[in-house]
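Undergrad:
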Amino acid sequence: WISETPIKIHCHVTNPNIVVVLDPTLLGVVDVTEGLTEDGVLIINSEDSPAQIREKLNLKGRKVYTVNASKIAQETIGRPLPNTPLIGALIKVTGLSISLLSLNFLVFLP
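Counted the way my numbering counts, the sequence shown spans residues 1 to 110.
1) Extract the residue ranges of the beta strand (DSSP E) inside the segment 21 to 109, only unbroken runs of 3 or more that lie entirely within it.
2) When the Cα atoms are used, what is the spatial distance from Leu90 to Val32?
3) According to DSSP, is Val19 part of a helix, a strand, or is it coil?
4) May I have the straight-line CA-CA distance separating Ser49 from Leu59, to the nearest angstrom?
5) Can you grab the Cα-Cα spacing for the pair Ile7 / Val13, in whole Å?
6) Look at the alpha carbon of Thr5 and the alpha carbon of Ser97, and state the distance between them as a whole number of angstroms.
7) For the putative contact between Asn15 and Thr37, defined by C-beta atoms under 8 Å, what is the C-beta separation to the nearest angstrom?
8) Is Pro80 buried or exposed, if buried means 16 or more other CB atoms sit within 10 Å of its CB?
Here you go:
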């Protein structure tokens, strides 16, 4: 699922394998699953359960994972910044192997 070479495109992704939603308010506004492959993974920053999200988005049988990343960040660093907990969820759910160096790059990219 991860390319061996850099991908340098400046357009919309049309058929993602993985979608990570940082802002759960998008669920009522944007179709976050548009183009998601049949075996694709949806990871959402939400206090709702995966079953609740499947019901809301009509995703019966799809791979949906939720983590209350904003709450984790608020309790850990005192700010509701869900990006780092969601990177952890992404690694856990997909089994991706990300070196500490590349993780630093992801977290601190300006």
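Just so it is clear, CB atoms sit at the ideal spot from N, CA and C, and this is done for glycine as well. Bear in mind the structure is a predicted one, so any value in this text is a computation, not a measurement.
TA: Based on what the coordinates show:
1) 41 to 45 and 63 to 67
2) 16 Å
3) strand
4) 13 Å
5) 12 Å
6) 16 Å
7) 6 Å
8) exposed
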